[in-house]
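J.: Can you keep this structure in mind? I'll have questions shortly.
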Amino acid sequence: MGRKREVKELDTTRRLFIAGAAGGLVSSVLVGRLVNLQLLNQEEFEARALVNQISLVPGVPRRGLIFDRFGEPLATHRTSWNVYAAREDLSDLEETLARIAEVVDLSPERQERLVQNFRREQSFIPVSILTDLTYEQFTRLSVMRPQLPGVTIEASHARSYPRGRDFAHVVGYVARANQSEIDAALEGLDPEIDRQRISRIQGVLKHPNMRVGRLGVEKEMDDWLGGTPGNHRYVRNAQGRTIRRLDDDENAPKPGKDVHLTIDADLQREAIRLFGDQSGAAVLMDVNSGDILTLASNPTYDPNDFVNGISSVDYNALRENERAPLYHKAYDGVYPPGSTFKMIVGAAALRAGLTDSSERVYCPGHYDFGGRRFHCWERRGHGSVNLKGAIQRSCDVYFYEIARRLGPERIAAEARTFGLGISYELGMTGGASGVVPNDDWKRRRFNEPWYDGETLNYGIGQGYLTVSPLQLAVMTARLARTDGVAVMPRMVGVGDAVPQNPQFGAMPDAAIMQKLREGMFAVTSETGGTALRAGDINFNGYRMAGKTGTAQVRVISAAERVTGVIDNADLPRRLRDHGLFVGFAPYDNPKYAVAVVVEHGGGSSAAYPIARDLMHEAFVRDSGRAASYQIASNATDTEAI
1 MGRKREVKEL DTTRRLFIAG AAGGLVSSVL VGRLVNLQLL NQEEFEARAL VNQISLVPGV
61 PRRGLIFDRF GEPLATHRTS WNVYAAREDL SDLEETLARI AEVVDLSPER QERLVQNFRR
121 EQSFIPVSIL TDLTYEQFTR LSVMRPQLPG VTIEASHARS YPRGRDFAHV VGYVARANQS
181 EIDAALEGLD PEIDRQRISR IQGVLKHPNM RVGRLGVEKE MDDWLGGTPG NHRYVRNAQG
241 RTIRRLDDDE NAPKPGKDVH LTIDADLQRE AIRLFGDQSG AAVLMDVNSG DILTLASNPT
301 YDPNDFVNGI SSVDYNALRE NERAPLYHKA YDGVYPPGST FKMIVGAAAL RAGLTDSSER
361 VYCPGHYDFG GRRFHCWERR GHGSVNLKGA IQRSCDVYFY EIARRLGPER IAAEARTFGL
421 GISYELGMTG GASGVVPNDD WKRRRFNEPW YDGETLNYGI GQGYLTVSPL QLAVMTARLA
481 RTDGVAVMPR MVGVGDAVPQ NPQFGAMPDA AIMQKLREGM FAVTSETGGT ALRAGDINFN
541 GYRMAGKTGT AQVRVISAAE RVTGVIDNAD LPRRLRDHGL FVGFAPYDNP KYAVAVVVEH
601 GGGSSAAYPI ARDLMHEAFV RDSGRAASYQ IASNATDTEA I
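Just so it is clear: in the sequence shown, position 308 is 308 by our numbering, and no numbers are missing.
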């Protein structure tokens, strides 16, 4: 009995010892592990824990700004409060939207569309829930932030166009990337090999705050303005709530670069104002530097309406407007130049030696050729005229005869020398080349040879010939130069982003150019000129030399000529002639060249008042800036003394 008790006590003691040893071993392991975690490898495991809490969000770069020649902002930023989220960060999408709807107007229909948007998008890509909140809405949602895990509520930079309609066609606008733009960015990437890169590009381009250039300078110089996308690192807690953002200069998005235009913002606004309710285009250009000061198209639209997406109703109203406000008439529009082309025909004839400035041609009001009668705009005729008189009075018969001698090839070559038939790269989308026709062009276009009768229409700027208002301004600037330089247009200058333009052949010699300029001066300043009221620009005694033009948009029948050509005022607008005018000033020391086209204006009388008043404003602004500079210089000198 005693023996059994001893054995039992010994067995109990052994078990207690084993249990204690095992417990001590476990405790030692635990203590050792804690020492390892908290002392020896603390930094490593803290970093791992932090990584588990970090969320990488595509970083949208701050877009570069656009300024006019004097630093006036044309495209800048405003603060916009936005709400967005990625589906993978939301535990319950419908509940989250319902909570947001408690404080911000979010209709059931809108919530349902958002649910569809989230489901269509990849889970890691943020989807915009609300854009451009009022400050009150922003603060109310910010108070609710703890109840909205995974939702980002933040202020961002939204594109803004402070000059609005004045620069819609030049600056263009930005918008959310569409699928074709995303596809273009992904072109050439392999879905298997480049999976991470594809995800990164999609994440940036589909980010709610991301905008890409859609038109104008914004589109053409998107790489320059857009900057370099990156990533932002956000620390989130276990519930998905953002605690803070970690700064990382290496991976952060890099801002875009600014762009400076040669255009004068105030002069651009004045050009558009001068058109009133008429449609058309005006270009003002420095004849020495080639700087474009005005590139105006009217009517226009507000690019701010496009930044966050324009409604289909508003867009259709713009698209269906018969005066085409979406169309950049100054750069993309093409028109028959009419009589503004006559100096080019005269230059070609003088250069070829087929006439001289003293030869006279008799104009009875018509020109018979090939069994057909070609009419002069002056039915009574101009009588005997030389080159100067033909330009001054815009005699069609004189230029029918000169064009017949020249043929289409010489006319086309001279037109290209003066800058027509070329699409100029100005750092913006678009740019019409127009048509400078010849026999080869017609055979390629219509599979027909050139007919002699077509040359006569060519000589007065009609027929197949079409030009843009910008090209007319370049042509006029080259006519104004007294040194034989083929001045080139320039609108953007930002280092290596300056667009490259083609080179041209030699201009006619100085004697020929002077004869053409004398004719243009007679147009505006001598009795019989077709635009005498355009010559005086009402500044410092300066005179403007120029040339009127009327471009027909309908065929006048022989029967109508017998009974009398219908006056433009009695025709529907769409059938009225276009009015054109080109000019330069001052005549004796040219500084600016101007070209104006008024669509269906009924003739040149609609165009030259705009050109005259725009030229006046340009010199007034020059004088004001010079005076301001002189005052500043005097103040500086006084302080120095």
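Every residue gets a Cβ at the ideal spot worked out from N, C-alpha and C, and that includes glycine.
Would you check if the distance between the CB atom of Met428 and the CB atom of Gly172 is smaller than 8 angstroms?
T.: Position 428 of the sequence shown, counted from the first residue, corresponds to residue 428. Position 172 of the sequence shown, counted from the first residue, corresponds to residue 172. Yes, Cβ-Cβ distance for Met428 and Gly172 is below 8 angstroms.
J.: Going by DSSP, which residues form a beta bridge with Leu133?
T.: Counting from 1 along the sequence shown, the entry for residue 133 is found at position 133. In the DSSP output, where bridge partners are listed per residue, Leu133 has Trp81.
J.: Can you tell me the Cα-Cα spacing of Glu270 and Ala349, whole angstroms?
T.: Numbered from 1 along the sequence shown, position 270 holds the residue referred to as residue 270. Numbered from 1 along the sequence shown, position 349 holds the residue referred to as residue 349. Looking at the backbone, the Cα of Glu270 and that of Ala349 are separated by about 38 angstroms.
J.: Distance, Cα to Cα, Val494 vs Gly459?
T.: Residue 494 sits at position 494 when you count from the first residue of the sequence shown. Residue 459 sits at position 459 when you count from the first residue of the sequence shown. Because the pLDDT of Val494 is 48, which lies under 50, any placement of that residue in the model is unreliable, and the number read from its coordinates should be weighed accordingly. For Val494 and Gly459, the distance between alpha carbons rounds to 40 angstroms.
J.: In the DSSP assignment, what residue or residues form a beta bridge with Glu154?
T.: Taking the sequence shown and counting its residues from 1, the one referred to as residue 154 is at position 154. Answer by DSSP bridge pairing, in chain order: Asn82.
J.: Spatial neighbours of Val385 within its chain, please: CB distance less than 7 angstroms, with the 5 preceding and 5 following residues excluded, ordered by chain position.
T.: Counting from one through the sequence shown, the residue named residue 385 turns up at place 385. Hits under 7 angstroms: Arg360, Val361, Cys363, Arg393, Cys395 and Tyr398.
J.: Return no unless some Cβ of chain C is closer than 8 angstroms to the Cβ of Asp223.
T.: The structure shown has no chain C; it contains just one protein chain.
J.: Starting from Val171, trace the alpha helix (DSSP H) both ways and give me its first and last residue.
T.: As a first step, residue 171 is located in the sequence shown; it is residue number 171 there, counting from the start. Element bounds for Val171: Ala168 to Val171.
J.: Compute the distance between the beta-carbons of Phe619 and Tyr542, then report whether it is under 8 angstroms.
T.: Position 619 of the sequence shown, counted from the first residue, corresponds to residue 619. Position 542 of the sequence shown, counted from the first residue, corresponds to residue 542. In contact: Phe619 and Tyr542 (Cβ atoms closer than 8 angstroms).
J.: Determine the DSSP secondary structure at Ile668, reduced to helix, strand or coil.
T.: The requested residue 668 is not part of the displayed model; the chain covers only 1 to 641.
J.: Go ahead and label Ser180 buried or exposed: buried means 16 or more other beta carbons lie within 10 angstroms of its beta carbon, across all protein chains shown.
T.: Position 180 of the sequence shown, counting from 1, holds the residue named residue 180. Classification for Ser180: exposed.
J.: Terminal residues of the continuous alpha helix (DSSP H) containing Lys342?
T.: The residue given as residue 342 occupies position 342 in the sequence shown. Under the DSSP assignment, Lys342 falls in the alpha helix (DSSP H) whose first and last residues are Lys342 to Ala352.
J.: For Tyr458, which three-state DSSP category applies?
T.: Taking the first residue of the sequence shown as 1, we reach residue 458 at position 458. Three-state DSSP puts Tyr458 in a helix.
J.: May I have the straight-line CA-CA distance separating Ala403 from Thr455, to the nearest angstrom?
T.: Locating residue 403 in the sequence shown gives position 403, where the first residue counts as 1. Locating residue 455 in the sequence shown gives position 455, where the first residue counts as 1. A direct Cα-Cα distance of roughly 6 angstroms separates Ala403 from Thr455.
J.: Please report the residue range of the beta strand (DSSP E) in which Asp548 lies.
T.: Position 548 of the sequence shown, counted from the first residue, corresponds to residue 548. According to the sequence as given, residue 548 is Thr; it is not Asp. Note, Thr548: beta strand (DSSP E), Ala545 to Ala551.
J.: Reducing DSSP to helix, strand and coil, say where Pro645 ends up.
T.: Any property of residue 645 remains undetermined from this structure, which presents the chain solely from 1 to 641.
J.: State the CB to CB distance for the pair Phe539 and His616, rounded to an integer number of angstroms; the pair is presumed to be in contact (CB under 8 angstroms).
T.: To locate residue 539, count along the sequence shown from 1; it is residue 539. To locate residue 616, count along the sequence shown from 1; it is residue 616. Right, the Cβ-Cβ distance comes to about 5 angstroms (below 8 angstroms), so this counts as a contact.
J.: With a Cβ-Cβ cutoff of 8 angstroms, do Leu133 and Asn209 count as a contact?
T.: The sequence position of residue 133 within the sequence shown is 133, counting from 1. The sequence position of residue 209 within the sequence shown is 209, counting from 1. Contact flag unset, no.
J.: To the nearest angstrom, how far is it from the Cα of Glu121 to the Cα of Ala185?
T.: Sequence index remark: in the sequence shown, residue 121 carries index 121 (1-based). Sequence index remark: in the sequence shown, residue 185 carries index 185 (1-based). Rounded to whole angstroms, Glu121 to Ala185 spans 18 angstroms at the Cα level.
J.: Could you check whether Gly338 and Leu580 sit closer than 8 angstroms to each other, using their CB atoms as the reference points?
T.: In the sequence shown, the residue the question calls residue 580 occupies position 580. In the sequence shown, the residue the question calls residue 338 occupies position 338. Their beta carbons are under 8 angstroms apart, which means Leu580 touches Gly338 by this criterion.
J.: Which residues share a DSSP beta bridge with Thr139?
T.: As a working mapping, residue 139 is identified with position 139 in the sequence shown. Answer is none; Thr139 lacks a bridge partner.
J.: Assuming contact is defined by CB atoms lying nearer than 8 angstroms, are Leu30 and Ile100 in contact in what I supplied?
T.: Within the sequence shown, numbered from 1, the residue matching residue 30 stands at position 30. Within the sequence shown, numbered from 1, the residue matching residue 100 stands at position 100. It is not a contact, given that the beta carbons lie outside the stated cut-off.
J.: Between Ile292 and Ile272, is the Cβ-Cβ spacing less than 8 angstroms?
T.: Within the sequence shown, numbered from 1, the residue matching residue 292 stands at position 292. Within the sequence shown, numbered from 1, the residue matching residue 272 stands at position 272. Cβ atoms of Ile292 and Ile272: not closer than 8 angstroms.
J.: By Cβ distance, which residues of its chain are closer than 6 angstroms to Gly164, with the 5 residues on each side in sequence left out?
T.: For this step, residue 164 is matched to residue 164 along the sequence shown. If we look at Gly164 and ignore the five residues flanking it on each side, its Cβ neighbours are Asp302.
J.: Is it buried or exposed for Lys254, if we count other Cβ within 10 angstroms and need 16 for buried?
T.: The count along the sequence shown starts at 1 and reaches residue 254 at position 254. Counting the other Cβ atoms within 10 Å of the Cβ of Lys254 gives fewer than 16, which makes it exposed.
J.: So Arg621 and Leu267 are supposed to be a Cβ contact under 8 angstroms. How far apart are they, rounded?
T.: On the sequence shown, residue 621 is found 621 positions in, with the first residue counted as 1. On the sequence shown, residue 267 is found 267 positions in, with the first residue counted as 1. Indeed they touch by this definition, with Cβ atoms about 6 angstroms apart.
J.: Pull up the DSSP beta-bridge partners for Leu284, would you.
T.: Numbered from its first residue, the sequence shown carries residue 284 at position 284. Looking at the DSSP assignment, Leu284 forms a beta bridge with Thr294 and Val594.
J.: I'd like the list of long-range same chain contacts for Val115, defined as Cβ closer than 8 angstroms, with 5 residues on each side in sequence excluded.
T.: Locating residue 115 in the sequence shown gives position 115, where the first residue counts as 1. Counting only Cβ-Cβ distances below 8 angstroms, and skipping sequence neighbours, we find Leu93, Glu94 and Leu97.
J.: How would you write the range of the beta strand (DSSP E) that Asp368 sits in, first residue to last?
T.: Taking the sequence shown and counting its residues from 1, one reaches residue 368 at position 368. Segment His366 to Phe369, the beta strand (DSSP E) holding Asp368.
J.: Would you mind stating whether Leu284 and Val594 have Cβ atoms separated by less than 8 angstroms?
T.: By 1-based counting over the sequence shown, the position of residue 284 is 284. By 1-based counting over the sequence shown, the position of residue 594 is 594. Contact flag set, yes.
J.: Output needed for Ser623: all residues of its chain with C-beta closer than 7 angstroms, excluding positions within five of it in sequence on either side, in chain order.
T.: By 1-based counting over the sequence shown, the position of residue 623 is 623. Around Ser623: no qualifying Cβ.
J.: Return the bridge partner residues of Asp435 from the DSSP annotation.
T.: Here residue 435 corresponds to residue number 435 of the sequence shown, with the count starting at 1. The sequence shown places Val at residue 435, not Asp. Among the bridge pairs identified by DSSP, Val435 is matched with Thr466.
J.: Out of Gly371, Arg373, Arg379 and Phe374, state which residue places its alpha-carbon closest to the alpha-carbon of Gly365.
T.: The residue you call residue 365 lines up with position 365 of the sequence shown. Closest option to Gly365, Cα to Cα, is Arg379.
J.: I'd like to know whether the C-beta atoms of Phe369 and Gly453 end up nearer to each other than 8 angstroms.
T.: By one-based count along the sequence shown, residue 369 stands at place 369. By one-based count along the sequence shown, residue 453 stands at place 453. Yes, the Cβ-Cβ distance between Phe369 and Gly453 is below 8 angstroms.
J.: Taking the alpha carbon of Ala473 as the point to measure from, which residue in Tyr424, Lys206, Ala75 and Ser128 has its own alpha carbon closest?
T.: Numbered from its first residue, the sequence shown carries residue 473 at position 473. When C-alpha distances from Ala473 are compared across Tyr424, Lys206, Ala75 and Ser128, the shortest belongs to Tyr424.
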